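Heads up: the structure comes next, in structure tokens.
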Amino acid sequence: MLHTLLKSIQKSTRTFSGGIDPEMSKITAAAAIATSMQPQLYILPIKQHIGEACEPIVSVGDHVKWGQKIARSQGYVSVPVHSPTSGKVVKIEEHATPHPSGMGLPSIFIEPDGKDTRDKSLKPIKAYRDTDPTELRERLRLCGIAGLGGAVFPTFIKLLKDNRNPIETLILNGIECEPYLTNDHRLMIEKAKEIIIGIDIIMHMVGAKKAIIAIEDNKPNALEMMQETLEILSESFPDSTRIEVCQLPTRYPQGSEKQLIEVLTGKQVPAGKLPMHIGVICQNVGTSKAIHDAIIKGRPLTERIVTVSGDAVPRPGNMRVRLGTPMRFVFAQHGLETFDHVHLLHGGPMMGEKLKNADVPVVKSTNGLLAMHSTSMKEAHKSEQPCIRCGHCGVVCPVSLVPNLLADQCRNKQFEKAESYDLFDCIECGACSYVCPSNIPLVHYFRYGKGQLAQIGREQNFAHASKQRSEHRDDRIAREKEEKAAKRRVVREKHVAKADDDKTSAGKPDHDKTADHKTADEKKPKTTDKTIQKDKPSPKSPPGKASSGKVSS
Amino acid sequence: MTYLLTTTAAFGAFTLFFAVILAIAGRVFKIEGNPIADNIESLLPQTQCGQCGFPGCKPYAGAVASGEAEVNQCVPGGERTMLQIADLMGVEPKTVEDEATAPMIAFVREDECIGCTLCIKACPVDAIVGAPKQYHTVITEHCTGCTLCVEPCPVDCIDMLIKPELLEHWSWPLPDTHRAQLAIERKGQHASHTS
Chain A
1 MLHTLLKSIQ
11 KSTRTFSGGI
21 DPEMSKITAA
31 AAIATSMQPQ
41 LYILPIKQHI
51 GEACEPIVSV
61 GDHVKWGQKI
71 ARSQGYVSVP
81 VHSPTSGKVV
91 KIEEHATPHP
101 SGMGLPSIFI
111 EPDGKDTRDK
121 SLKPIKAYRD
131 TDPTELRERL
141 RLCGIAGLGG
151 AVFPTFIKLL
161 KDNRNPIETL
171 ILNGIECEPY
181 LTNDHRLMIE
191 KAKEIIIGID
201 IIMHMVGAKK
211 AIIAIEDNKP
221 NALEMMQETL
231 EILSESFPDS
241 TRIEVCQLPT
251 RYPQGSEKQL
261 IEVLTGKQVP
271 AGKLPMHIGV
281 ICQNVGTSKA
291 IHDAIIKGRP
301 LTERIVTVSG
311 DAVPRPGNMR
321 VRLGTPMRFV
331 FAQHGLETFD
341 HVHLLHGGPM
351 MGEKLKNADV
361 PVVKSTNGLL
371 AMHSTSMKEA
381 HKSEQPCIRC
391 GHCGVVCPVS
401 LVPNLLADQC
411 RNKQFEKAES
421 YDLFDCIECG
431 ACSYVCPSNI
441 PLVHYFRYGK
451 GQLAQIGREQ
461 NFAHASKQRS
471 EHRDDRIARE
481 KEEKAAKRRV
491 VREKHVAKAD
501 DDKTSAGKPD
511 HDKTADHKTA
521 DEKKPKTTDK
531 TIQKDKPSPK
541 SPPGKASSGK
551 VSS
Chain B
1001 MTYLLTTTAA
1011 FGAFTLFFAV
1021 ILAIAGRVFK
1031 IEGNPIADNI
1041 ESLLPQTQCG
1051 QCGFPGCKPY
1061 AGAVASGEAE
1071 VNQCVPGGER
1081 TMLQIADLMG
1091 VEPKTVEDEA
1101 TAPMIAFVRE
1111 DECIGCTLCI
1121 KACPVDAIVG
1131 APKQYHTVIT
1141 EHCTGCTLCV
1151 EPCPVDCIDM
1161 LIKPELLEHW
1171 SWPLPDTHRA
1181 QLAIERKGQH
1191 ASHTS
């Protein structure tokens, strides 16, 4: 009995609160990664990461090489965009991106010449262990590496050796807890060596003491593959003992960064903090492979693995797709040509976003492309019923929020209240919407609430800035008026003094006269004479006139 | 009789004592400015557009605080601002008659600009740059869309354009469900009950 108790305690340290066990439907798990054909036209949006957009540095008609930088980053949280093939820039204009709004971004259109000539300006860094981490970091930035798990946060920012926050543990995320998606799974099987070298590069860069490759127990072949590769590499690779492969029970959303860290280290990342503040960094296996390519081969990020799946796809599979390939072309290679009564999802079924149409390009965040028959999609959005207070949503919430309450607040526009109930801690995993027996689109309400709060914040900031500018303007106008008045006063006083002087014919020797006055007087005797003559007929009136003049101005 | 005298004297002394304290407190804890006006001003969108009939947001806030203006005169603030001001002032909400259009920004057609600087002087938030006899241009991020620059322009080279929506500023709409619509309706009914 004590044994089972100990076991349950041990088990409880290896999990997170909440979570669900959705049907996994990983139908493409055994499909080897195929390589996509060349489309007739690549479409590259100038922003494929979280952060500031890039600025195109090529113009229409330019010939570009494979891997050549075509848009440079502006700002810190940004990585450049590279050409996915050699060819000609045919146009630069706005085009729809994979975004729920269906809105567009300026995009660079490249027509391939079929030669695939590589740009060789970036030299491979084979001896990365002897290279300064800052140089490697700059290389990763230049290669446009962003987190390939789906969040696309620029990777170089995370890989910072900071003495205030020393990194103890590197966690390599091979969880892939979203149903249907198998791109990380296949990558671990087919590119295990590259992933492990990528881990070694990251460990060198941040000075991590150990690394954990986390894999869920529904991917035993990936786990075996990683372990075998580690053993093979251990001969040439002294540090491989510091890399550990860890099997975790399948549970959604275990692949979420903060949840995975809690499972593996037992530490919680405080709200508003980053994993590095508790000495952990987390990278996706795909990112690790991209880091390997950038450092060892000197190749920028121009392709990624995409799972093309869903019940509307005749031949589902995993595919190496170059960034910028139109999704219609990707689906066509898997046998899906028409999109009537088909829902397209960018990402997995839990967190993915619905696409308006297939005429958008594959970008750095595209880990999965799902096409589902409309009939198999749950129509949660249409059939929302009243909340019955069953509490299931609170039980499954991995960040221990009260989803039903938050949804009520967002629905009734009590946004500040929702914020005080930690709306912004929601990771939008969709577990609450999944279990809700009343089909309430909870996550949709949270996204709405978050968007409205951000909008209110932006408006307040704008109002504050406008107010400040308006106040500065008022101050400036008042100051200018004052200065003008002061100038006029000086001139008037001078004239009055001159008139008095003239009248009494230097009768006041101690009269306040500055050197400037004197020189001015000496320089312009004629004008002063004139004014004196003007003033002379009414010698008593000038002071009154002067003051009244000042007031009227 | 003595009772009456002592009582009167005692109360007189008390009155004097408290009067002195109040007088001192009134001096020491005097509040500068008008706190109600400041609170109202912080609710206004600060476009300085003058559509309320006052020469800026601050004068309008002062007028509302002193009861000279109604709570529903801020056009760009719309219903939300009106409800907030009404709540703060403890008065009944009124309907906002002039509906604010979509957020606008001014745009100077530079080819036609003669560089007269009149629009620069008219801009309440210093969002137009330029110099005499040089083209002027509007700093898009700073423009509040108040339209005050349009009228002074002698060659009519300023257009008011709809502010382009940025992808980063897009936010999810309310879910398209019956219950979400119901919540909006109820909210409206609640507002009309309380008024």
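Read top to bottom, the protein sequences are chains A and B. Residues 1 to 553 (our numbering) are what the first sequence spells out, left to right. Residues 1001 to 1195 (our numbering) are what the second sequence spells out, left to right. Even for Gly, the Cβ is constructed at its ideal location relative to N, Cα and C. Keep in mind that this is a model prediction, so the values were computed, not measured.
Extent of the continuous beta strand (DSSP E) run through residue i
| i | result |
| --- | --- |
| LYS69/A | 69-73 |
| GLN283/A | 280-284 |
| GLY245/A | The amino acid occupying residue 245/A in the given sequence is Val; Gly does not appear at that position. Element bounds for VAL245/A: 243-248. |
| ARG554/A | Any question about residue 554/A goes unanswered here, given that chain A covers just 1 to 553. |
| THR307/A | 303-309 |
| HIS343/A | 342-346 |
| VAL363/A | No beta strand (DSSP E) contains VAL363/A, which DSSP labels as neither H nor E. |
| MET1104/B | 1104-1108 |
| GLU353/A | 353-355 |
Burial state of residue i (16 or more Cβ within 10 Å)
| i | result |
| --- | --- |
| HIS341/A | exposed |
| LEU1166/B | exposed |
| ILE1128/B | buried |
| ASP184/A | buried |
| LYS158/A | buried |
| TYR252/A | buried |
| ALA358/A | buried |
| ASP293/A | buried |
| TYR180/A | buried |
| ASN461/A | exposed |
| ARG476/A | exposed |
| ILE1021/B | exposed |
| PRO361/A | buried |
| ALA1028/B | With the sequence shown as reference, residue 1028/B is identified as Val, and Ala is not the correct amino acid for it. Exposed, because fewer than 16 other Cβ atoms sit within 10 Å of the Cβ of VAL1028/B. |
| GLU1041/B | buried |
| GLY174/A | buried |
| THR1144/B | buried |
| ASN404/A | buried |
| GLN254/A | buried |
| GLU176/A | buried |
| SER107/A | buried |
Residue i: first and last residue of the uninterrupted alpha helix (DSSP H) it sits in
| i | result |
| --- | --- |
| THR1081/B | 1078-1089 |
| THR1159/B | Per the sequence shown, residue 1159/B should be read as Asp rather than Thr. No alpha helix (DSSP H) holds ASP1159/B; the beta strand (DSSP E) holding it covers 1158-1162. |
| LEU406/A | 403-411 |
| THR1140/B | Element bounds for THR1140/B: n/a, residue is neither H nor E. |
| CYS1113/B | Here CYS1113/B belongs to no alpha helix (DSSP H), and DSSP marks it neither H nor E. |
| GLU480/A | 442-504 |
| ALA1069/B | First-last for ALA1069/B: undefined, no H or E at that position. |
8 Å Cβ shell around residue i - same chain, five flanking residues per side excluded
| i | result |
| --- | --- |
| CYS974/B | As displayed, chain B neither begins before 1001 nor continues past 1195, which places residue 974/B out of reach and without an answer. |
| ASP239/A | ASP200, MET203 |
| LEU160/A | ARG137, VAL206, MET276 |
| ALA1102/B | ILE1162, LYS1163 |
| LYS550/A | Below a pLDDT of 50, predicted positions are generally treated as unreliable, and LYS550/A, at 38, falls in that range; no measurement from the model is reported. |
| ILE57/A | LYS69, ILE70, ALA71, ARG72 |
Residues near residue i in its chain [Cβ-Cβ closer than 6 Å; skip 5 each side]
| i | result |
| --- | --- |
| ASP1159/B | PHE1107 |
| SER547/A | With a pLDDT of 40 at SER547/A, under the threshold of 50, the modelled position of that residue is not reliable, and the figure given next carries that caveat. Result list for SER547/A: empty, nothing under 6 Å. |
| GLY1056/B | GLN1048 |
| PRO112/A | GLN38, THR85, GLY87 |
Same chain, Cβ closer than 7 Å to residue i, neighbours up to 5 away in sequence not counted
| i | result |
| --- | --- |
| THR1140/B | ILE1105 |
| ILE20/A | TYR252, VAL396, ALA431, TYR434, VAL435 |
| GLN247/A | ILE215, ASP217, LEU223 |
| ARG118/A | LYS65, TRP66, GLY67 |
| PRO1124/B | GLN1048, GLY1056, CYS1146, LEU1148 |
| VAL1116/B | Before going further, note that residue 1116/B is Cys rather than Val in the sequence given. Excluding residues within five positions, the ones whose Cβ falls inside 7 Å are PRO1154. |
| VAL152/A | GLN48, HIS49, ILE50, ALA146, LYS364, SER365 |
| THR134/A | none |
ask   = Touching or not, the stretch 122-138 of chain A and the stretch 296-305 of chain A, by the rule of three or more beta carbon pairs under 8 Å?
value = For the pair of segments examined, the stretch 122-138 of chain A was found to touch the stretch 296-305 of chain A: the number of CB pairs separated by less than 8 Å reaches three.
Sequence ranges, alpha helix (DSSP H) only - wholly within the stretch 83-163 of chain A, length at least 4 = As summarised for the stretch 83-163 of chain A, the continuous alpha helix (DSSP H) elements at least 4 residues long and confined to that stretch are 133-142, 155-158, given in chain order.
key: Secondary structure, beta strand (DSSP E): runs of 3+ residues fully inside the stretch 32-78 of chain A   = Within the stretch 32-78 of chain A, the complete beta strand (DSSP E) segments at least 3 residues long are 33-35, 42-45, 54-56, 69-73, listed from N- to C-terminus.
message = With three or more beta-carbon pairs closer than 8 Å as the criterion, would you say the stretch 446-453 of chain A touches the stretch 1167-1187 of chain B?
response = Here the stretch 446-453 of chain A makes contact with the stretch 1167-1187 of chain B; the two share three or more CB pairs at distances below 8 Å.
ask   = Which whole runs of the beta strand (DSSP E) in the stretch 168-251 of chain A are 3 residues long or more, in chain order?
value = Entirely contained in the stretch 168-251 of chain A, the beta strand (DSSP E) runs reaching 3 residues are, in chain order, 169-174, 210-216, 243-248.
inquiry  = Does the contact criterion of 3 or more C-beta pairs under 8 Å hold for the stretch 40-51 of chain A versus the stretch 67-83 of chain A?
reply    = The stretch 40-51 of chain A vs the stretch 67-83 of chain A: in contact.
query = Is there contact between the stretch 137-154 of chain A and the stretch 268-284 of chain A, where contact requires at least three CB pairs shorter than 8 Å?
reply = Yes: at least three Cβ pairs fall under 8 Å.
message = Counting beta carbon pairs with one atom in the stretch 252-265 of chain A and one in the stretch 67-74 of chain A, are three or more of them shorter than 8 Å?
response = Put simply, the stretch 67-74 of chain A does not touch the stretch 252-265 of chain A. Fewer than three CB pairs are less than 8 Å apart.
message = So within the stretch 1009-1059 of chain B, which uninterrupted beta strand (DSSP E) runs reach at least 3 residues, ignoring any that extend past its ends?
response = Qualifying beta strand (DSSP E) stretches: none in this window.
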